[in-house]
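Read in order, the letters of the sequence shown are residues 1 to 139 in full-length UniProt numbering.
All residues carry an ideal CB built from backbone N, CA and C; glycine is no exception.
All values derive from a computational prediction rather than experimental measurement.
Report on the structure given below.
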Amino acid sequence: MIPSAPPLPDRLSKFYSKNSQVTPCRIYKKGDPEYGRPPKGSRTEQRGLAAQAHIQQEVKYLCETIKSLGKKLDDSSTSTYEITFKQLFDFYTNISNKLVGILLRARKHGYIHFSDEYEVLFQGKHDHVKITLLRMPSD
Numbered sequence: 001m002i003p004s005a006p007p008l009p010d011r012l013s014k015f016y017s018k019n020s021q022v023t024p025c026r027i028y029k030k031g032d033p034e035y036g037r038p039p040k041g042s043r044t045e046q047r048g049l050a051a052q053a054h055i056q057q058e059v060k061y062l063c064e065t066i067k068s069l070g071k072k073l074d075d076s077s078t079s080t081y082e083i084t085f086k087q088l089f090d091f092y093t094n095i096s097n098k099l100v101g102i103l104l105r106a107r108k109h110g111y112i113h114f115s116d117e118y119e120v121l122f123q124g125k126h127d128h129v130k131i132t133l134l135r136m137p138s139d
């Protein structure tokens, strides 16, 4: 048998009234566009948007780095640049420890390309992999 809780002292009973109204919370379904999203205007939403903007700046800087350090490919009509993972990694060691994550983000958005054979690039093992800048991110 589970013991019952002792009664609340008189000074707390006004805060924990048995007759208080409870506002029901909205129940989301998986197809709902707000499912898995913070409430509009909340601090959580603001932090998420700020983080997204920061990551976008990191991706933009990565693309600018590839353009400045990489070799321009003459075989295409568009301006594409190529750099090896080792060259990029050696440059980024002094700047950021998030290079692989930023590469994956840039690849997901179609700014860069490296062989589909590699899901993630590792230092030493994938030094020879060529990373191609396909397009610059827009502001």
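Could you pull the start and end residues of the beta strand (DSSP E) that L133 belongs to? On the sequence shown, residue 133 is found 133 positions in, with the first residue counted as 1. Run containing L133: K130 to L133, per the beta strand (DSSP E) assignment.
For S79, tell me which candidate among L133, R43, Q87 and K29 has the shortest Cα-Cα distance. Walking along the sequence shown from the start, residue 79 turns up at place 79. From the listed residues L133, R43, Q87 and K29, the smallest Cα separation to S79 is found for L133.
Which ranges would you report for the alpha helix (DSSP H) in the UniProt domain "Costars" (53-134) if only whole runs of at least 4 residues count? Here the runs fully enclosed are 85-92 and 99-108.
For K71, which residues from the same chain have a beta carbon less than 8 angstroms from its beta carbon, with the 5 sequence-adjacent residues on both sides left out? Counting from one through the sequence shown, the residue named residue 71 turns up at place 71. Taking C-beta separations shorter than 8 angstroms and ignoring five residues to either side along the sequence, the partners of K71 in its chain run Y81, E82 and I83, following chain order.
Note down, in chain order, each residue of its chain lying with its Cβ closer than 7 angstroms to the Cβ of H126, except the 5 sequence neighbours on either side. Residue mapping note: residue 126 aligns to position 126 of the sequence shown, counting from 1. Excluding residues within five positions, the ones whose Cβ falls inside 7 angstroms are F85 and Y118.
Cutoff 7 angstroms; reference Y28; Cβ partners in own chain excluding five residues on either side: Taking the sequence shown and counting its residues from 1, the one referred to as residue 28 is at position 28. The beta carbon of Y28 sits closer than 7 angstroms to the beta carbons of E34 and Y35 from its chain, once the five residues preceding and following it are set aside; these are given in chain order.
Would you call T44 buried or exposed, if buried means 16 or more other Cβ atoms sit within 10 Å of its Cβ? Here residue 44 refers to the residue found at position 44 of the sequence shown. Its Cβ having fewer than 16 others within 10 Å, T44 is exposed.
What do you reckon, are the CB atoms on C63 and P137 nearer than 7 angstroms? As a first step, residue 63 is located in the sequence shown; it is residue number 63 there, counting from the start. As a first step, residue 137 is located in the sequence shown; it is residue number 137 there, counting from the start. Yes, the pair counts as a contact, with Cβ atoms nearer than the cut-off.
Could you give the C-beta distance for I66 and I112, rounded to a whole number, given that I count them as a contact under 8 angstroms? One-based indexing of the sequence shown puts residue 66 at position 66. One-based indexing of the sequence shown puts residue 112 at position 112. The beta carbons of I66 and I112 sit about 7 angstroms from each other, so the pair counts as a contact at 8 angstroms.
C-alpha gap between S115 and L104, whole angstroms: Translated into the one-based positions of the sequence shown, residue 115 becomes position 115. Translated into the one-based positions of the sequence shown, residue 104 becomes position 104. Whole-angstrom Cα-Cα distance: 12 angstroms.
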